[in-house]
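Enquirer:
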Amino acid sequence: MDNFFGPFLARVQPGIKVLDLGAGQGIHACWMARKGARVVAVDKKKPPTDTAGVRWIQSSIEEWYEQMPDQVQYDAILAKNVLQFLRRDWVIKQLLPELVSRLKPNGVLALETFYQSPEPVFEWLSETSHYTLEDLSPFFFNWKVLAKRQEPKKMRGIDGKRRKFFLTGLIVQRQENVSVDF
Ligand SMILES: C[S@@+](CC[C@H](N)C(=O)[O-])C[C@H]1O[C@@H](n2cnc3c(N)ncnc32)[C@H](O)[C@@H]1O
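Taking my numbering, the leading residue of the sequence shown gets 6, the next gets one more, and so forth.
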């Protein structure tokens, strides 16, 4: 993982409960499990062959959300390069508020996703599934910001030309005794 995630990874300790949404190849989930964390990984793809120490839930995030037990709380939540694949209005109205409420005091949340501007770059990234830092920050009012970025990147776009887009990243820590009110 790149250095941006250092403040998140530094908080991964033995025994903490971690959620990795859109876990992909399980690289981060397995790394955290090796550090002794109790990791739940959710991805619609089949789990990789070796997921030692990880509780892998093969499911869409939307279905997992519907069946999530009421009381579960996490010390750390990672959603890296996955929000852009989900319906934006659902992410804004349901998923993010739920994740916020599922973090324990002092818990950390790391989000990384995309923002394409001024024109569309990726055909799979619809107009309504990309995020600026300004879109994400209001969910974490009064939280401690450990890292943030809206960093330009270049990639070949839908027209074959190299186009600029932004990688949007936010790592926040919930402060003790802060009420969450939506
Ligand atoms: C770009 S990969 C990122 C993987 C990993 N988080 C990383 O950063 O290396 C996106 C992952 O999200 C998963 N994904 C996309 N939409 C999903 C959905 N609706 N429910 C569950 N997983 C989804 C894909 O299967 C894929 O593994």
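Quick reminder that beta carbons are idealized off the backbone N, C-alpha and C, glycines included.
Less than 8 Å between the beta carbons of K22 and D80, yes or no?
Expert: It is a contact, given that the beta carbons lie within the stated cut-off.
Enquirer: So G174 and E117 are in contact, right, with Cβ under 8 Å, and what is the actual spacing, rounded?
Expert: With 8 Å as the limit, G174 and E117 qualify as a contact, their Cβ atoms being about 4 Å apart.
Enquirer: So, at 7 Å on beta carbons, what are the nonlocal neighbours of Y136 in its own chain, with the 5 sequence-adjacent residues on each side left out?
Expert: Closer than 7 Å at Cβ, skipping near neighbours: L88, T118, Y120, T173.
Enquirer: Suppose you measure from the CA of A42 to the CA of F144; what does that come to, to the nearest Å?
Expert: When rounded, the distance between both Cα atoms is 26 Å.
Enquirer: Quick one: give me the first and last residue of the beta strand (DSSP E) that W61 is part of.
Expert: It spans 59-63 - the beta strand (DSSP E) in which W61 sits, taken as one unbroken run.
Enquirer: Let me check one thing: in DSSP terms, what residues is Q178 bridge-paired to?
Expert: Beta-bridge pairing links Q178 to V113, K149.
Enquirer: Could you tell me the boundaries of the alpha helix (DSSP H) in which D164 lies?
Expert: It is not in any alpha helix (DSSP H) - D164 carries neither H nor E in the DSSP assignment.
Enquirer: Nearest by alpha-carbon distance to S142: which of A46, I97, R60, V59 is it?
Expert: Taking only the C-alpha atoms, the option nearest S142 is I97.
Enquirer: Quick check: does the Cβ of F87 come within less than 7 Å of any heavy atom belonging to ligand 1?
Expert: The sequence shown places Val at residue 87, rather than the Phe named in the question. Checking every heavy atom of ligand 1 against the Cβ of V87, one is found closer than 7 Å.
Enquirer: Taking only heavy atoms of ligand 1 into account, decide whether any of them is closer than 7 Å to the Cβ of K51.
Expert: No, Cβ of K51 sits at least 7 Å from all heavy atoms of ligand 1.
Enquirer: How about F90 and S122: do their beta carbons lie closer than 8 Å?
Expert: No. Outside cutoff.
Enquirer: Within 7 Å: the Cβ of I62 and any heavy atom of ligand 3?
Expert: Of the ligands one can find in the structure shown, namely ligand 1, none is ligand 3.
Enquirer: Give me the residue from A15, K51, M6, S131 with the minimum Cα distance to K85.
Expert: For K85, the nearest C-alpha among the options comes from M6.
Enquirer: What does a CB cutoff of less than 8 Å around R60 pick up in its chain, not counting 5 residues either side in sequence?
Expert: Cβ neighbours of R60 beyond the five flanking positions: R43, V44, V45, A46.
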